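Numbering (this note's numbering), first residue to last: 64 to 604. The beta-carbon is built from N, C-alpha and C at its ideal position, and this holds for glycine as well. Quantities reported herein were computed from a predicted structural model and do not represent experimental measurements. Reviewing the structure listed below.
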Ligand SMILES: [Zn+2]
């Protein structure tokens, strides 16, 4: 066993004068219910841990963070630990327990603050409300409001009444104000039917209200826990860290999240910024020194402590979650089918992939099994950093590996020209992994053509030109129907038009794939040419 030892996070950073008060702020983010290690050790770019080798096995996991949190608490006088959101959803343990397991672990270790992330909302408000009630610490999100629609369950309103803009923690007479923000991107990823009554505001609007209140309450130190990531190339609609730092230089630190990146210690417009990657690959640690005479922070440092093979998993967490971990392992081991050859996911956007073809067929069949009809499916290529499904036995774990997100499906009607508009919008992403593949119809894209004229052919499944009067039933997942983070505004607009008669189904796309594999195995992977690319003619010189 490797002994790199816990020493790295036990070392005290500073020699303090007698009256100075040391404060330690610990932070986890984007745990996504990862209790067990799950971050691949062979990808340093992803894990942010350069020293790890594949022999270390998977990295991170909350069970390791728990060991580090306990060790630091045993050593330091004043420790505050907060979780920065995207906590409950994101793996099979999260899905099967609807987030209850990870919250039990957070409560067991005494998590003080939970700032809500966007994925908390993926199962809808009714599923989230009991989790908000479960959490024993304080819930934060200054830019969230719940305006109960008529007929809504009072439990949801009661749970959301617990969500605050900020809280104060007092340690050795020092008042630490912790403000919280979720990401303003939520309404562009979630379908309205899942979040009725939820209002998400711009970060600056919310902080202009909350920061003066925190100051008026006598806070000595102001921290912001934001479920938003630092975008090195500038803010976007969902991540406003740069604007926040510019407008609120009085913040002593911003603790970020959401974008699954490690930022150890950055200065953003002079404000300390730190972000602890994802899935517990790191425990974030900020050390502040408060001088009670000068009444100011005299030093501040931020570190990310790697949760690698040298950090043992906390046995108490594993014990408390044992029944849920066992149930999850059994569910993932379920055999759902088999494939005669690997079902490849790579090769797009240039061409359809066997995985995309299989997945879209599964969505169409699931809709039809529930009484609907589908002419075409528009869906992402499921490439991620995975390579598809293996040949041979397929288990639920394989299904999870290609469909890690929770998404449902909607079907709506469009005219041929409207479909062309949707496909044009999609063609603008042709060179990126965001490109959505088409299934059930044939198309030819000419990437070099001017915007609005890139789809040069649209035909039925046999390749016959679609007549202008054709009406088509298009299926898309809930994420894309919500505009996929403002990437597909036209798709959303057309899907929500009354003439589109949008029908939204409750089944998960992951379930659809599992159902299809159970029914049609052995799968013989196909690579049909649903779309092709027309290259620009070489220029004569
Ligand atoms: Zn997030």
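Look up residue i in the DSSP assignment and give the residues it is bridged to.
i	result
residue 353	84 and 360
residue 502	440
residue 339	325
residue 367	347
residue 131	Per DSSP, none; premise fails for residue 131.
residue 452	406
residue 95	Residue 95 pairs with nothing; no bridge assigned.
residue 434	According to DSSP, residue 434 bridges with nothing at all.
residue 612	This structure cannot speak to residue 612, because the chain is shown only from 64 to 604.
residue 413	Answer is none; residue 413 lacks a bridge partner.
Helix, strand or coil for residue i per DSSP?
i	result
residue 246	coil
residue 595	strand
residue 162	coil
residue 459	helix
residue 308	helix
residue 478	strand
residue 201	strand
residue 209	strand
residue 586	strand
residue 600	coil
residue 225	coil
residue 472	strand
residue 232	strand
residue 466	coil
residue 398	strand
residue 380	helix
residue 320	coil
residue 178	strand
residue 138	helix
residue 146	strand
residue 484	helix
residue 68	Note that residue 68 has pLDDT 47, beneath the 50 cutoff, so the model's placement of it is unreliable and no number is given.
residue 580	helix
residue 152	coil
residue 109	helix
residue 445	coil
residue 114	coil
Got a sec? Which residues, its chain only, sit under 6 Å from residue i by beta carbon, not counting five neighbours each side?
i	result
residue 218	192
residue 66	Bear in mind that a pLDDT of 41 at residue 66, under 50, signals an unreliable position, so the model cannot answer this.
residue 208	262
residue 171	383
residue 88	143 and 349
residue 546	251, 552 and 555
Take residue i and list the residues in its own chain whose beta-carbon comes closer than 8 Å to its own, dropping the five residues that flank it on each side.
i	result
residue 455	401 and 402
residue 432	578
residue 236	84 and 355
residue 266	206, 244, 247, 289, 291, 303, 306 and 307
residue 396	458, 459 and 460
residue 569	471
residue 359	353
residue 64	Confidence in residue 64 is poor, its pLDDT being 35 and thus under 50, which makes the residue's placement unreliable; the coordinate value appears in the next sentence. Counting only Cβ-Cβ distances below 8 Å, and skipping sequence neighbours, we find 372.
residue 511	598 and 599
Let me confirm a value: residue i is counted as buried when at least 16 other C-beta atoms fall within 10 Å, else exposed. Which label applies?
i	result
residue 596	exposed
residue 100	buried
residue 586	buried
residue 500	buried
residue 409	exposed
residue 113	exposed
residue 117	exposed
residue 528	exposed
residue 530	exposed
residue 598	exposed
residue 268	exposed
residue 228	buried
residue 152	buried
residue 517	buried
residue 183	buried
Starting from the C-beta of residue i, find all residues in its chain whose C-beta is less than 7 Å away, skip the five residues before and the five after it, and write them out in chain order.
i	result
residue 548	248, 251, 252 and 301
residue 123	97, 100, 101, 102, 342, 343, 344 and 370
residue 299	none
residue 167	383 and 384
residue 553	484, 485 and 488
residue 428	579
residue 399	457, 458, 459, 462, 577, 580 and 581
residue 520	506 and 507
residue 563	475, 476, 477 and 557
residue 436	536
Enumerate, from N- to C-terminal direction, the unbroken alpha helix (DSSP H) stretches of 4 or more residues contained entirely within the region 501 to 565. You should have 541 to 544 and 552 to 559.
Whole alpha helix (DSSP H) runs in the region 247 to 316 with 4 or more residues, listed along the chain? 266 to 279 and 304 to 310, all fully within the region 247 to 316.
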